[in-house]
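Here the structure is laid out as structure tokens; the discussion comes afterwards.
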């Protein structure tokens, strides 16, 4: 009998996206719920404060492609926080915060993950990515190949 491999944090992110897509058809509500479930960013106006504090790790671990993996256990929180930021403060302010607050080098895994999160958020908010495909987007774009 084989033991199933443990679920990675990246897969947990994808599963949360799958579940949330069944509950709403509003991209902003979806992104807010994703940030709450994955990063502890509250749904009310206090969410901006949570975002400024960096949120909380709800899922620790990895499972991200090497290009997005900085060796820490907080990549799910990072992704969900950046993805919801344009909903809370606008995309321009989010990019400003990436440059002046986060200050991740452009060659870093965190910067690449931030750009991926912005793309994910934009595609959802503009209707280019259906909510029903959000979990698969995470699996296809962010997840490391199973070993």
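Numbering (our numbering), first residue to last: 207 to 353.
All residues carry an ideal CB built from backbone N, CA and C; glycine is no exception.
*Which one of 352, 349, 350 and 330 has the shortest CA to CA distance from residue 230?*
Taking the chain shown and counting its residues from 1, the one referred to as residue 230 is at position 24. Selected option, being the one with the closest Cα: 330.
_Rounded C-alpha distance that separates residue 269 from residue 339_ = Counting from one through the chain shown, the residue named residue 269 turns up at place 63. Counting from one through the chain shown, the residue named residue 339 turns up at place 133. One C-alpha to the other measures close to 19 angstroms.
*Can you tell me whether residue 240 is buried or exposed, with buried defined as 16 or more other CB within 10 angstroms of its CB?*
Within the chain shown, residue 240 is the residue found at index 34, counting from 1. Under this definition residue 240 is a buried residue.
*Output the boundary residues of the alpha helix (DSSP H) element that contains residue 338.*
What you label residue 338 is simply residue 132 of the chain shown in a count that begins at 1. Segment: none, residue 338 is in no alpha helix (DSSP H) and carries neither H nor E.
_Residues of its chain near residue 289, where Cβ-Cβ distance is below 6 angstroms and the 5 sequence neighbours each way are ignored_ = Taking the chain shown and counting its residues from 1, one reaches residue 289 at position 83. 237, 323, 326 and 327, listed in sequence order.
*Can you tell me where the alpha helix (DSSP H) with residue 251 in it begins and where it stops?*
Position 45 of the chain shown, counted from the first residue, corresponds to residue 251. Where residue 251 is concerned, there is no enclosing alpha helix (DSSP H), given that its DSSP letter is neither H nor E.
*Answer yes or no: do residue 342 and residue 220 have a C-beta to C-beta separation smaller than 9 angstroms?*
Position 136 of the chain shown, counted from the first residue, corresponds to residue 342. Position 14 of the chain shown, counted from the first residue, corresponds to residue 220. It is a contact, given that the beta carbons lie within the stated cut-off.
*Given a cut-off of 9 angstroms, decide if residue 261 and residue 294 are closer than it, judged by their beta-carbon atoms.*
Locating residue 294 in the chain shown gives position 88, counting from the first residue. Locating residue 261 in the chain shown gives position 55, counting from the first residue. Not a contact, by the Cβ cut-off of 9 angstroms.
*Please report the Cβ distance between residue 319 and residue 274, rounded to the nearest whole angstrom; I am assuming they are in contact, meaning their Cβ atoms lie under 8 angstroms.*
What you label residue 319 is simply residue 113 of the chain shown in a count that begins at 1. What you label residue 274 is simply residue 68 of the chain shown in a count that begins at 1. So it is a contact: roughly 4 angstroms between Cβ atoms.
*Cβ-based neighbour list, residue 300, same chain, cut-off 8 angstroms, excluding 5 preceding and 5 following*: As a working mapping, residue 300 is identified with position 94 in the chain shown. Correct list, in chain order: 288, 291, 292 and 324.
*When DSSP builds the beta bridges, which residues end up paired with residue 285?*
In the chain shown, the residue the question calls residue 285 occupies position 79. In DSSP, residue 285 forms no bridge with anything.
_Residues near residue 246 by beta carbon distance below 7 angstroms, same chain, minus five either side_ = Reading the chain shown from its first residue, position 40 is the one you call residue 246. If we look at residue 246 and ignore the five residues flanking it on each side, its Cβ neighbours are 256, 261, 262 and 264.
*Which residues share a DSSP beta bridge with residue 261?*
What you label residue 261 is simply residue 55 of the chain shown in a count that begins at 1. In DSSP, residue 261 forms no bridge with anything.
*Determine the direct distance from the alpha carbon of residue 298 to that of residue 306, and round the result to whole angstroms.*
The residue given as residue 306 occupies position 100 in the chain shown. The residue given as residue 298 occupies position 92 in the chain shown. Straight-line Cα distance between these residues: approximately 12 angstroms.
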